[in-house]
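Enquirer: This is the structure I have questions about; it appears just below.
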Amino acid sequence: MLDNVVRRYRQGDASVDVLNGASATVEAGEVVALIAPSGAGKSTLLHVAGLLERPDGGEVWLDGRPTVGLGDDARTAIRRGRVGFVYQFHHLLPEFSALENVVMPQIIRGLAKAEARERAAELLTYLGLGARLSHRPAELSGGEQQRVAIARAVANAPRLLLADEPTGNLDPTTSAHVFQTLTTLARASGLAAIVATHNLDLAATLDRRITLRDGVLVDA
Ligand code: ADP
Ligand code: ADP
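Heads up, the sequence shown is in the numbering used here, so the first residue is 28 and it goes up one at a time.
Structure follows, in structure tokens:
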């Protein structure tokens, strides 16, 4: 999916190749841990893989097709349909219930409301939140909030899930549960996932570990 990707930032007069020939493939149903120190380029990698940023070199494949040469609109359409994002902080809409937060991206993609509600309820129930559908984010525990964020990220059935320190704000037990949720979901729906984390114990529970070294992805 990432083939020899280069991403360069200008910093003052200098330019830094944060990614300098990064390549990686994640299979359907596979959850890969991305482990690297702060500043190594994890967020950059996830943004390039998820078509939020364009690389300065190389190719990014999604759904079996190259994306770098596509226009912004086409890239946005692919991103909305095929990629889900989860961040360290859940970014749920505070005034809306768990259910509504998961309904929203489906409505934006044009699904009928009744259908979207049905799918959201099904998904949240599957993730163990069946009794929390009408709770607002502030009425949920940290782990529950993050599981709602995961449900929202996969509501439109993406093929790729990108998670940037999704448990950076959670205690170890809750974090383990969130990781388990990600793995269960990936297996069940053939979703490919990359999860950036600093937590080596949790990374050890995933299928595979990679790290960024001098802008290149290597097995960890
Ligand atoms: P990580 O997520 O691993 O902490 P990032 O991908 O956020 O790392 O950043 C990697 C490096 O690229 C850092 O040195 C950061 O300062 C630099 N960087 C990230 N985004 C930009 C940008 N938009 N402009 C300039 N430098 C950037
Ligand atoms: P945790 O130990 O996982 O952090 P909490 O102690 O925060 O969980 O919450 C325990 C349960 O109580 C959670 O399932 C959550 O849904 C519910 N809960 C927490 N705060 C509220 C609230 N303000 N209103 C309604 N339910 C809440």
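For every residue, glycine included, the Cβ atom is placed at its ideal position computed from N, Cα and C.
How far does the beta strand (DSSP E) with residue 219 in it extend, from its first residue to its last?
Expert: 219-223
Enquirer: Within the same chain, show all residues whose beta-carbon is closer than 8 Å to that of residue 109, passing over the 5 residues directly before and after it, in chain order.
Expert: 89, 90, 185, 186 and 187
Enquirer: Measure the C-alpha to C-alpha separation of residue 166 and residue 96 and round it to an integer number of angstroms.
Expert: 44 Å
Enquirer: Quick check: the region 188-197 against the region 157-165, are at least 3 beta-carbon pairs closer than 8 Å?
Expert: no
Enquirer: Put residue 124 into one of helix, strand or coil per three-state DSSP.
Expert: coil
Enquirer: State the start and end residues of the unbroken alpha helix (DSSP H) segment that holds residue 168.
Expert: Note, residue 168: premise wrong, no alpha helix (DSSP H); not H, not E.
Enquirer: Just to confirm, are residue 119 and residue 175 a CB contact at a threshold of 7 Å?
Expert: yes
Enquirer: Roughly how many angstroms lie between the CA atoms of residue 168 and residue 201, to the nearest whole one?
Expert: 9 Å
Enquirer: So, using beta-carbon positions, are residue 242 and residue 31 closer together than 7 Å?
Expert: no
Enquirer: Across which residues does DSSP place residue 47 in a beta bridge pair?
Expert: 33
Enquirer: Excluding the 5 residues preceding and the 5 following residue 204 in the sequence, name in chain order all residues of the same chain whose CB lies nearer than 7 Å to its CB.
Expert: 170
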